[in-house]
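Below: the structure, in structure tokens.
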Amino acid sequence: MIEWITALLLLTGSLLMLLAALGALRMPDLLTRMHATTKAGALGGGTMVVAAAVFFDDGAVTARALAIVVFIILTAPVAAHLIGRAGYFVGIPLWEGTLKDELKDRYDPETHTLASEEVKPSTPTEERKHDRD
Numbered sequence: 025m026i027e028w029i030t031a032l033l034l035l036t037g038s039l040l041m042l043l044a045a046l047g048a049l050r051m052p053d054l055l056t057r058m059h060a061t062t063k064a065g066a067l068g069g070g071t072m073v074v075a076a077a078v079f080f081d082d083g084a085v086t087a088r089a090l091a092i093v094v095f096i097i098l099t100a101p102v103a104a105h106l107i108g109r110a111g112y113f114v115g116i117p118l119w120e121g122t123l124k125d126e127l128k129d130r131y132d133p134e135t136h137t138l139a140s141e142e143v144k145p146s147t148p149t150e151e152r153k154h155d156r157d
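According to the numbering used here, the residues represented by the sequence shown are 25 to 157, in order.
Shown next, in the form of structure tokens:
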């Protein structure tokens, strides 16, 4: 039974990794490629490590597998965010089908600074309080 569970986890992980590779090839720009590879790649890698933990059925292997999965889940989104942000700031063009670019008017390419968005009050009470200040 363990072999079947391991095989199912390995097959699922490898299919997710294949999906990540296809996303890297088929997506039109850096940001969508980063999205596809981060989500599917992290889940596929984590699934394959869990398969190893199930197969070996040892406390030390399970602890290492858990540490690896936590590391992948914590670092993959952060790394993708930083690579995507660096790509945007360097000037990698967005896909022509991109509907919204929230950083367009806030980024100064000469000083490499990003301006914060002004927070607007959301309720009438907050608006009156904001007007008094």
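Beta carbons are placed, not taken as given, at the ideal position from N, Cα and C, and that holds for glycine.
Within the region 75–155, the complete alpha helix (DSSP H) segments at least 4 residues long are 83–114, listed from N- to C-terminus. Around the beta-carbon of L39, fewer than 16 other beta-carbon atoms lie within 10 Å, marking it exposed. The three-state reading of DSSP puts M41 in helix, counting H, G and I together.
Taking every protein chain shown into account, the CB of M25 has fewer than 16 other CB atoms within 10 angstroms, so this residue is exposed.
Residue state for M51 is assigned as coil, using DSSP reduced to three classes. Burial is judged here by how many other beta carbons sit within 10 angstroms of a residue's own beta carbon; L55 has at least 16 and is buried. Counting C-beta pairs with one atom in each stretch, the region 76–94 and the region 134–141 have fewer than three that are closer than 8 Å, which means they do not touch.
Between T30 and V93, the C-beta spacing is not below 9 Å.
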